[in-house]
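Let me begin by presenting the structure, written as structure tokens, before commenting on it.
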Amino acid sequence: MTEKEQTLKELYPEDLMNVSKELTEGEVKFLKQLDDLLESKYRDSINDHWVNATVPEDFFEEMGKLNYFRNPLLFEGREGAKTPSQLFQFFMSYTVARFDVSLVTVLGVHQGLGHNAFLFGGSKEQVAHYIPKLQSHEMRTCFALTEPDHGSDVAGGLETTAKREGDEWVINGAKKWIGGANVSDVIPLFAVDVETGKPKGFIIRPEQEGVDIDIIENKIALRIIPNTNIRLNNVVVKEEDRLQNINSFKDIAKILYSTRAGVSYMATGAMAGALRATLDYVTQRKQFGKEISKYQLIQEKLAMMQGNLSHAMALSAQLARMQENGEYDEVATSTAKMMNALRLRESVSMGRGITGGNGILAEYDIARFFSDAEAVYTYEGTHEINALVIGRALTGDSAFI
Numbered sequence: 001m002t003e004k005e006q007t008l009k010e011l012y013p014e015d016l017m018n019v020s021k022e023l024t025e026g027e028v029k030f031l032k033q034l035d036d037l038l039e040s041k042y043r044d045s046i047n048d049h050w051v052n053a054t055v056p057e058d059f060f061e062e063m064g065k066l067n068y069f070r071n072p073l074l075f076e077g078r079e080g081a082k083t084p085s086q087l088f089q090f091f092m093s094y095t096v097a098r099f100d101v102s103l104v105t106v107l108g109v110h111q112g113l114g115h116n117a118f119l120f121g122g123s124k125e126q127v128a129h130y131i132p133k134l135q136s137h138e139m140r141t142c143f144a145l146t147e148p149d150h151g152s153d154v155a156g157g158l159e160t161t162a163k164r165e166g167d168e169w170v171i172n173g174a175k176k177w178i179g180g181a182n183v184s185d186v187i188p189l190f191a192v193d194v195e196t197g198k199p200k201g202f203i204i205r206p207e208q209e210g211v212d213i214d215i216i217e218n219k220i221a222l223r224i225i226p227n228t229n230i231r232l233n234n235v236v237v238k239e240e241d242r243l244q245n246i247n248s249f250k251d252i253a254k255i256l257y258s259t260r261a262g263v264s265y266m267a268t269g270a271m272a273g274a275l276r277a278t279l280d281y282v283t284q285r286k287q288f289g290k291e292i293s294k295y296q297l298i299q300e301k302l303a304m305m306q307g308n309l310s311h312a313m314a315l316s317a318q319l320a321r322m323q324e325n326g327e328y329d330e331v332a333t334s335t336a337k338m339m340n341a342l343r344l345r346e347s348v349s350m351g352r353g354i355t356g357g358n359g360i361l362a363e364y365d366i367a368r369f370f371s372d373a374e375a376v377y378t379y380e381g382t383h384e385i386n387a388l389v390i391g392r393a394l395t396g397d398s399a400f401i
């Protein structure tokens with residue numbers, strides 16, 4: 001057995017289909033460093049952070065130190081590559097999500113939606129200025145699209161407005177569920193141009209006059225990440241801070257499709273986390289004189305959880321291969337997100353049931369995954385919205401309205 005094969009066996013024992021064997025040696029080394037960091041630095045405190053709705057203070061900085069966009073390990077044996085491989089990106093999201101869903105969301109909002117808003121929506125000058133800083137974590141960002149009264153229907157229902165006055169824009173409205181806006185340096189925010197009726201993107205800063213941000217309290221899921229409300233009252237933005245390549249919802253949709261795969265990866269990692277938490281419990285918990293892992297009913301549920309995970313890993317890996325070849329397909333990503341989130345919901349329910357009364361206590365980990373799965377099931381396209389995307393492709397008929 002090679003060093004790489006031994007490391008993969010230890011790092012991903014749940015990978016029964018050997019999906020991870022396609023990773024390069026450098027990628028495996030990086031992922032081992034990532035997993036070691038999560039376990040050594042945050043394992044003892046993660047449940048307390050979830051209960052108390054607090055973010056580990058140095059998590060964002062520590063992720064930046066890993067240099068996951070440009071680390072030389074990620075380019076070993078990949079001559080000419082300019083970005084990390086899609087399969088690596090799957091396993092990076094998977095590894096963090098296996099540890100905690102809130103933390104992978106903190107990371108995903110920054111390096112996915114937020115980063116890509118600048119990458120796809122920015123001019124050459126904006127890309128040159130912001131992308132290196134975002135990739136190094138020198139700057140932090142988020143993604144402000146959803147509104148208090150518009151989630152699934154944002155394509156045609158944005159109420160936040162932008163009115164041009166000379167070389168400036170005046171923005172009014174509100175956003176909701178914006179993860180990490182309170183700690184972001186720059187916020188890509190979307191508003192309707194009152195003259196054209198088309199959405200545009202703008203770079204907002206939390207400290208600007210007229211910007212008011214508060215944290216949404218009392219969540220039952222993703223408690224670690226600070227989701228926020230943003231209110232905008234006559235916020236003035238210079239034309240140079242308009243994201244120059246966001247001029248229709250089609251431009252915004254490109255960002256959403258590029259990151260929807262990431263949520264399917266998160267769902268897959270969360271299944272692995274739930275399975276691991278459940279296995280830890282059943283091998284220690286005794287009832288009727290023996291460990292409950294020795295009972296047939298328990299093993300059947302564990303087998304179903306493993307089956308769901310293997311299915312999701314295979315689906316995610318194939319999606320990563322497609323995207324590596326430049327195939328960013330809306331229906332494929334919607335299928336992966338819909339099915340992986342659905343199977344996650346099923347798996348965490350089985351895990352929570354197996355752990356009995358203790359399964360509602362955060363100290364046993366499964367409660368965290370059980371609760372956070374509800375958020376994964378909803379964000380980046382609800383189950384129903386993704387089903388309608390797939391249904392439209394199958395029938396040729398749109399049933400959204």
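All residue numbers for the sequence shown refer to UniProt numbering, where the first residue is 1 and numbers rise by one.
Even for Gly, the Cβ is constructed at its ideal location relative to N, Cα and C.
Buried versus exposed, by CB contacts within 10 Å (16 or more), residue i
{"i": "residue 405", "result": "Missing from the structure shown is residue 405; the chain here goes from 1 to 401 and no further."}
{"i": "G262", "result": "buried"}
{"i": "N233", "result": "exposed"}
{"i": "I215", "result": "exposed"}
{"i": "M63", "result": "buried"}
{"i": "T196", "result": "exposed"}
{"i": "V194", "result": "exposed"}
{"i": "N18", "result": "exposed"}
{"i": "R368", "result": "buried"}
{"i": "N325", "result": "exposed"}
{"i": "G173", "result": "buried"}
{"i": "K301", "result": "buried"}
{"i": "R70", "result": "exposed"}
{"i": "Q323", "result": "buried"}
{"i": "S40", "result": "exposed"}
Same chain, Cβ closer than 6 Å to residue i, neighbours up to 5 away in sequence not counted
{"i": "Y94", "result": "Y265, T268 and G269"}
{"i": "Y42", "result": "P56"}
{"i": "A303", "result": "none"}
{"i": "A393", "result": "V331"}
{"i": "R276", "result": "none"}
{"i": "S102", "result": "L222, I224 and I225"}
{"i": "L38", "result": "F99"}
{"i": "T228", "result": "I178, A181, N182, I213 and I215"}
{"i": "H383", "result": "M338"}
Nonlocal neighbours in the same chain, by C-beta distance under 7 Å from residue i, ignoring five residues either side
{"i": "L319", "result": "A261, S264, A332, T333 and A336"}
{"i": "T7", "result": "V28 and K32"}
{"i": "L74", "result": "G26, E27, F30, P84 and F88"}
{"i": "Y328", "result": "Y257 and S258"}
{"i": "L361", "result": "A367"}
Backbone secondary structure at residue i - three-state DSSP
{"i": "P56", "result": "coil"}
{"i": "N172", "result": "strand"}
{"i": "T161", "result": "strand"}
{"i": "H137", "result": "coil"}
{"i": "N234", "result": "strand"}
{"i": "E195", "result": "coil"}
{"i": "E76", "result": "coil"}
{"i": "L275", "result": "helix"}
{"i": "N18", "result": "coil"}
{"i": "I215", "result": "strand"}
{"i": "T355", "result": "coil"}
{"i": "K82", "result": "coil"}
{"i": "E209", "result": "coil"}
{"i": "A341", "result": "helix"}
{"i": "N227", "result": "strand"}
{"i": "E147", "result": "strand"}
{"i": "Q244", "result": "coil"}
{"i": "G180", "result": "coil"}
{"i": "P132", "result": "helix"}
{"i": "Q318", "result": "helix"}
{"i": "L189", "result": "strand"}
{"i": "I203", "result": "strand"}
Cβ-based neighbour list, residue i, same chain, cut-off 8 Å, excluding 5 preceding and 5 following
{"i": "L388", "result": "S398, A399 and F400"}
{"i": "Q306", "result": "E14, L16 and L275"}
Under 8 Å between C-beta atoms of residue i and residue j
{"i": "A162", "j": "F202", "result": "yes"}
{"i": "I213", "j": "S371", "result": "no"}
{"i": "V211", "j": "V237", "result": "no"}
{"i": "K176", "j": "T160", "result": "no"}
{"i": "Y377", "j": "A341", "result": "yes"}
{"i": "R352", "j": "I366", "result": "yes"}
{"i": "A375", "j": "V348", "result": "no"}
{"i": "A191", "j": "K200", "result": "yes"}
{"i": "F91", "j": "L189", "result": "no"}
{"i": "G122", "j": "Y130", "result": "yes"}
{"i": "V154", "j": "E147", "result": "yes"}
CB contact below 8 Å: residue i versus chain C
{"i": "F369", "result": "Included in the structure is just one protein chain, with no chain C present."}
Quick check: the stretch 278-293 against the stretch 344-361, are there 3 or more CB pairs under 8 Å?
Taking 8 Å as the limit for Cβ pairs, the verdict is that the stretch 344-361 does touch the stretch 278-293.
Counting pairs of beta carbons, one from the stretch 101-118 and one from the stretch 128-142, are three or more of them closer than 8 Å?
yes
Given 8 Å as the limit, is there contact between the stretch 241-253 and the stretch 313-327, that is, 3 or more CB pairs closer than that?
no
Taking contact to mean at least 3 C-beta pairs separated by less than 8 Å, is the stretch 158-176 in contact with the stretch 124-141?
Of all C-beta pairs linking the stretch 158-176 to the stretch 124-141, fewer than three are shorter than 8 Å, placing the two stretches out of contact.
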